[in-house]
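Numbering (this note's numbering), first residue to last: 2 to 307. Below is one structure, written out as structure tokens; the observations come after it.
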Ligand code: GLN
């Protein structure tokens, strides 16, 4: 299928799911600024490895990318630290909610993987030691999607005011000597990364290097090495959707990274990157209609890594 051939498929998915908009699931109300987002929205966008695009529904509406930012935090960490990044972070699925504290104690403050909150906070700490991590994130994303990208300060402040679990996770890791920097400084960067505002189309472009063996979607620059890009895809498949990663592999069969803003980025290696968004979530914190949309996409296009 060429990209323009995907356009009818995306429109068909929007039409199929439209009657279900706002019918089931709940927006992420543990973050007060996200509790106000209207649930009845749905967007889908894709970009092929050779730069063709298709999109439908609310595909250009910016939303809070939340944990999808962990993909780009990890990318910055891999670029900056190489193998040393893995000294304080694992690569196993947690099988637990994304903000769980339980494994951290028995595993001595080493988070299971970079896609749960504790893991992203640990990567953020390493970045804070080496760079202005807020500015570098904006630079990376703006370069990848060829448009200015910004933080939603209201969401960042809302998370800082109510992020008691994240504060607990960071302090817990600090007590094991696993964070080098001040807890408040690290969390301020973490909350800002989560509070980035982007649309489906921007995210499909920004994740483009993941279907291109690590090569920048627009210029001849290696964002990650081929091996690193493969590893990010492997981590997305096994850990990108928290304790629903098995269900995602079973139903969808693509590396995915989700966020509680309702976005999900998916990669078809060597073919395309895809982003879906709908704010109402299922119990694990993944977009309910986003999952259905990805399931329809893979079933109807025949694309899967399996
Ligand atoms: N900012 C959210 C949090 O820290 C991110 C969680 C998510 O998207 N799964 O709780």
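All residues carry an ideal CB built from backbone N, CA and C; glycine is no exception.
**Study point:** DSSP three-state assignment for residue 93, whether helix, strand or coil
**Key:** Position 92 of the chain shown, counted from the start, is the residue given in the question as residue 93. It is coil, neither helix nor strand.
Review point. What are the start and end residues of the beta strand (DSSP E) that includes residue 259?
Key: The residue labelled residue 259 in the question sits at position 258 within the chain shown. For residue 259, the uninterrupted beta strand (DSSP E) run begins and ends at 257-259, by DSSP.
Practice item. Go through the segment 154-200 residue by residue and report every complete run of the alpha helix (DSSP H) that reaches 4 residues or more, in order. Key: 154-163, 165-176 and 184-195, all fully within the segment 154-200.
Review point. What are the boundary residues of the beta strand (DSSP E) that includes residue 274?
Key: In the chain shown, counting from the first residue as 1, residue 274 sits at position 273. Judged by DSSP secondary structure, residue 274 falls within the beta strand (DSSP E) whose first and last residues are 273-278.
Check your understanding: Opposite residue 65 in the DSSP bridges: which residues?
Key -> Translated into the one-based positions of the chain shown, residue 65 becomes position 64. For residue 65, the beta-bridge partners assigned by DSSP are 198.
Point to revise | Helix, strand or coil at residue 42 [DSSP, three-state] | key: If you number the chain shown from 1, residue 42 lands on position 41. Taken through DSSP and simplified to helix, strand or coil, residue 42 comes out as coil.
Review point. How about residue 308 and residue 305: are their beta carbons less than 8 Å apart?
Key: Not covered by the structure: residue 308. The range shown for the chain is 2 to 307.
Review point. By DSSP, does residue 144 sit in helix, in strand, or in coil?
Key: Taking the chain shown and counting its residues from 1, one reaches residue 144 at position 143. In the structure shown, residue 144 adopts helical secondary structure according to DSSP, grouped into three states.
Exercise for review: Counting only the same chain and skipping the five closest in sequence on each side, list residues whose C-beta sits under 7 Å from that of residue 293.
Suggested key: The residue labelled residue 293 in the question sits at position 292 within the chain shown. For residue 293, where only same-chain residues beyond five positions count, the Cβ hits under 7 Å are 18.
Review point. Quick one: Cα of residue 187 to Cα of residue 126, how far?
Key: Here residue 187 refers to the residue found at position 186 when the chain shown is read from its first residue. Here residue 126 refers to the residue found at position 125 when the chain shown is read from its first residue. Separation of residue 187 and residue 126 (C-alpha to C-alpha, rounded to the nearest whole angstrom) is 6 Å.
Practice item. Give the C-beta separation of residue 205 and residue 163 to the nearest angstrom, bearing in mind that I take them to be a contact with Cβ-Cβ under 8 Å. Key: Numbered from its first residue, the chain shown carries residue 205 at position 204. Numbered from its first residue, the chain shown carries residue 163 at position 162. Between residue 163 and residue 205 the Cβ distance is about 30 Å, and since that is not below 8 Å, they are no contact.
Practice item. Put residue 307 into one of helix, strand or coil per three-state DSSP. Key: Position 306 of the chain shown holds residue 307. Coil, per DSSP.
Practice item. Could you check which residue in 89, 231, 283 and 146 has the C-alpha nearest to that of residue 23? Key: Position 22 of the chain shown holds residue 23. From the listed residues 89, 231, 283 and 146, the smallest Cα separation to residue 23 is found for 283.
Practice item. Could you tell me whether any non-hydrogen atom of the ligand GLN is closer than 7 Å to the CB of residue 155? Key: To locate residue 155, count along the chain shown from 1; it is residue 154. Result no, Cβ not under 7 Å from the ligand GLN.
Practice item. Output the boundary residues of the beta strand (DSSP E) element that contains residue 25. Key: Position 24 of the chain shown, counted from the start, is the residue given in the question as residue 25. Note, residue 25: premise wrong, no beta strand (DSSP E); not H, not E.
Check your understanding: At which residues does the beta strand (DSSP E) containing residue 233 begin and terminate?
Key -> Sequence index remark: in the chain shown, residue 233 carries index 232 (1-based). Counting along the chain, no beta strand (DSSP E) covers residue 233; the unbroken alpha helix (DSSP H) around it starts and ends at 227-240.
Practice item. Give the DSSP-derived three-state secondary structure of residue 223 in the structure shown. Key: As a position in the chain shown, residue 223 is number 222, starting the count at 1. In this structure, residue 223 counts as strand in the three-state DSSP scheme.
Point to revise | Run of the beta strand (DSSP E) containing residue 124, from where it starts to where it stops | key: Sequence index remark: in the chain shown, residue 124 carries index 123 (1-based). Per DSSP, residue 124 belongs to no beta strand (DSSP E); it is in the alpha helix (DSSP H), 118-129.
Practice item. Use the C-beta contact count for residue 234: other C-beta atoms within 10 angstroms, 16 or more gives buried, fewer gives exposed. Key: Counted from its first residue, the chain shown places residue 234 at position 233. Under this definition residue 234 is a buried residue.
Practice item. Would you kindly check if the distance between the Cβ of residue 73 and the Cβ of residue 132 is under 8 Å? Key: Start at 1 with the first residue of the chain shown, and residue 132 comes out as number 131. Start at 1 with the first residue of the chain shown, and residue 73 comes out as number 72. Between residue 132 and residue 73, the C-beta gap is not smaller than 8 Å, which leaves the two residues out of contact.
Review point. When the Cα atoms are used, what is the spatial distance from residue 150 to residue 135?
Key: The count along the chain shown starts at 1 and reaches residue 150 at position 149. The count along the chain shown starts at 1 and reaches residue 135 at position 134. The straight-line gap from Cα to Cα measures roughly 12 Å.
Exercise for review: Using alpha carbons as the reference points, say which of 113, 218, 296 and 93 lies closest to residue 207.
Suggested key: Reading the chain shown from its first residue, position 206 is the one you call residue 207. When each option's Cα is compared against that of residue 207, the closest is 218.
Exercise for review: Determine the DSSP secondary structure at residue 99, reduced to helix, strand or coil.
Suggested key: Locating residue 99 in the chain shown gives position 98, counting from the first residue. Note: residue 99 maps to coil in three-state DSSP.
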